[in-house]
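Novice: Sending over a structure as structure tokens; questions will come in a sec.
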Amino acid sequence: MARIVQLFLIATLTTSFAYSYLEPIPITVYYESLCSDSIRFILKKLATTYNQKDYDFASLLSKLTLVPYGNVKVISADNYQYQCQHGPPECEGNKLHGCAVKYFTDKSKLLNYIGCLMEKSIKVILSRAPFPVGECQNEIPVEIRSKIAQCYNTNEGWDQFNLNGYYSNMAFGRNRHFIPLITFRNVTDENISKWAFTDFRRTLCLQYGLTNPACTDG
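The following block contains the structure:
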């Protein structure tokens, strides 16, 4: 009898662990470096969800991709001439963010760096000052600092900018969308994106079919 109970417990635990694993889905955030709504979402929703201690949301966000571009008017992609929605400093910010996305391999550290830049960028929004390129250096791992600097200071950064423009245009189609645009499974749905902007954790959990007390932004 004890042997049967033991086998039952093992089977139950095995099943529980099997059902606890959720296959990560692609989640993409299309945003602008000086957009107040983008800043609010990334600082207050995305980063806090990723670092949430009540549930392992980081695993659910393991296929997260950031695309810093947004609503940009391309004057000449070959000559790297653009009009960003929030002025020239935003183009510089999008370029720097793009270099960071390219070279950071740790998403937690990437979000810390992007978040730090966004906090420093608030003064840019208020005063139209230059983008704070030199800020938040301590958030960049030493081994990639020179790569990000080289990327930003050369056409590599603009090539990455153009690539993010391509990704954004594929997601946006012919329509202009509210920024940030949040997509799940590479499908653009304006309503789901707005729900995610309002209550990211709940929308994330719904996409996974997950029920948990932590599934709300509060």
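For the sequence shown, the positions run -18 to -1, 1 to 200 when mature numbering (1 follows the signal peptide of the UniProt record, and there is no 0) is used.
Where a beta carbon is used, it is the ideal one built from N, C-alpha and C, also for glycine.
Remember, it's a predicted structure, so these values are computed and weren't measured experimentally.
1. Under three-state DSSP, which class holds TYR85?
2. Closer than 8 Å is the cut-off here; do at least three beta carbon pairs connect the stretch 41 to 55 with the stretch 110 to 125?
3. With three or more beta-carbon pairs closer than 8 Å as the criterion, would you say the stretch 125 to 139 touches the stretch 163 to 173?
4. Measuring alpha carbon to alpha carbon, tell me which of ILE9, CYS118, ASP141 and LYS105 ends up nearest CYS17.
5. What are the boundary residues of the alpha helix (DSSP H) that LYS45 is part of?
6. Going along the chain, which unbroken runs of the beta strand (DSSP E) with 3 or more residues stay wholly within the stretch 47 to 74?
7. Would you kindly check if the distance between the Cβ of CYS118 and the Cβ of LEU93 is under 9 Å?
8. Under a three-way DSSP split, which group does LEU192 fall into?
9. According to DSSP, ILE164 sits in a beta bridge with which residue or residues?
10. Determine the extent of the alpha helix (DSSP H) in which LEU145 is found, giving its start and end residues.
11. On the three-pair Cβ rule with 8 Å, is the stretch 28 to 46 touching the stretch 82 to 93?
12. Can you have a look at SER44 and say buried or exposed, based on whether 16 or more other CB atoms are within 10 angstroms of its CB?
13. For ARG183, is the classification buried or exposed, using 16 other Cβ atoms within 10 angstroms of its Cβ as the cut-off for buried?
14. Beta carbon of GLU101, beta carbon of LEU25: below 9 Å?
Specialist: Quick look at the numbers:
1. helix
2. no
3. no
4. LYS105
5. Per DSSP, LYS45 belongs to no alpha helix (DSSP H) and is neither H nor E.
6. 54 to 58 and 63 to 66
7. no
8. coil
9. VAL11
10. 137 to 154
11. yes
12. exposed
13. buried
14. yes
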